[in-house]
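Heads up, the sequence shown is in this note's numbering, so the first residue is 1055 and it goes up one at a time.
Report on the following structure.
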Amino acid sequence: MQVIEKPWGREEVIEINDKYMVKKLTMWAGHRCSLQYHNIKKETIYVLSGVLKIIQGLSQDQLIEKLYYAGDTITIAPGLIHRMEGVEDSVYLEASTPEMGDVVRLMDDYQRAQ
């Protein structure tokens, strides 16, 4: 298993192949990933523990927030702007198409490249 440390937590790549990818992610409380979208990648999130805030919308000025708890799921289509934020330390699974590098960052708390 590949573990990728992130400034907001960590990603553990459970499986990646030419058809799909599965990751286990940890998001620390008070941290969030970049505001982003994917051109091709479609992903489904399944919350295992904690409280995860997911912000999403079709444009940056039309974003909505919703809290997700253990057992909650959401599917994020290509082109949908989104961001995950840890309300509590949270662990979630992401099953997606395999385009690991398909991330367009719009804003990032950690000054990572757009």
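By construction, the Cβ of each residue, glycine as well, lies at the ideal position given by its N, Cα and C atoms.
Predicted model, so just to flag it, every value in this text is computed and none were measured.
Worksheet item: When the Cα of Ala1083 is compared with those of Tyr1091, His1092, Gly1063, His1136, which residue comes out closest?
Response: Working through the sequence shown from its first residue, we reach residue 1083 at position 29. Looking at Tyr1091, His1092, Gly1063, His1136, the one whose alpha-carbon comes closest to that of Ala1083 is Gly1063.
Practice prompt. Keeping to the same chain, check which residues put their C-beta closer than 6 Å to that of Glu1066; ignore five residues upstream and five downstream.
Written response: Numbered from 1 along the sequence shown, position 12 holds the residue referred to as residue 1066. The answer, listed in chain order, is Met1055, Val1057, Lys1078.
Item to complete: Just the C-alpha distance for Tyr1164 and Asn1071, rounded to the nearest angstrom, thanks.
Response: Along the sequence shown, read from residue 1 onward, the residue named residue 1164 stands at position 110. Along the sequence shown, read from residue 1 onward, the residue named residue 1071 stands at position 17. In a straight line, the C-alpha of Tyr1164 is about 29 Å away from that of Asn1071.
Fill in: Per-residue DSSP class, three states only, for Thr1080
By 1-based counting over the sequence shown, the position of residue 1080 is 26. Thr1080 carries a strand assignment under DSSP once its states are collapsed to helix, strand and coil.
Fill in: Residue ranges of each alpha helix (DSSP H) within the stretch 1057 to 1109, 4 or longer
Annotation note: the stretch 1057 to 1109 contains no uninterrupted alpha helix (DSSP H) run of length 4 or greater.
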